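Residue numbers (the numbering used here): 46 to 171.
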């Protein structure tokens, strides 16, 4: 990958992140995830009836590597809300279970099904 490719990928990622309220860079798509971690995060967002842009990193190696550089985070999936990097699968899972994800969506004016979020927490109580 050349320096120009890296710059182009960063510009494309920046445009996607800034022009969508919620973006999930993932392996596969929200309807057809292609790894367990991507499936878990997409599943949570879908269950919460949250509108989000999915970006399949398997279709574009520049984006696949570029998003890791962009966030300085080594793994996929990666969730962004209102232009800010939130985290990967473990962080999103923890935030969902603690209610922090709900708070972040509410603070940023992102619509989601609060009852569905509660159901996830109920189902995961130890």
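Idealized CB from N, CA, C, for every residue including glycine.
Keep in mind that this is a model prediction, so the values were computed, not measured.
Give the secondary structure of residue 82 by DSSP, where H, G and I count as helix, E and B as strand, and everything else as coil.
Position 37 of the chain shown, counting from 1, holds the residue named residue 82. In this structure, residue 82 counts as helix in the three-state DSSP scheme.
With distances taken Cα to Cα, identify the nearest neighbour of residue 149 among 167, 78, 95, 76.
For this step, residue 149 is matched to residue 104 along the chain shown. Answer by Cα proximity: 95.
Note down, in chain order, each residue of its chain lying with its Cβ closer than 8 Å to the Cβ of residue 111, except the 5 sequence neighbours on either side.
By 1-based counting over the chain shown, the position of residue 111 is 66. So the qualifying residues of the chain are 51, 54, 55, 57, 58.
In this structure, how does DSSP classify residue 89 when only helix, strand and coil are distinguished?
Position 44 of the chain shown, counted from the start, is the residue given in the question as residue 89. Looking at residue 89 - three-state DSSP - the assignment turns out to be helix.
Restricting to Cα atoms, I'd like to know which of 75, 89, 49, 74 is closest to residue 158.
The residue labelled residue 158 in the question sits at position 113 within the chain shown. Selected option, being the one with the closest Cα: 89.
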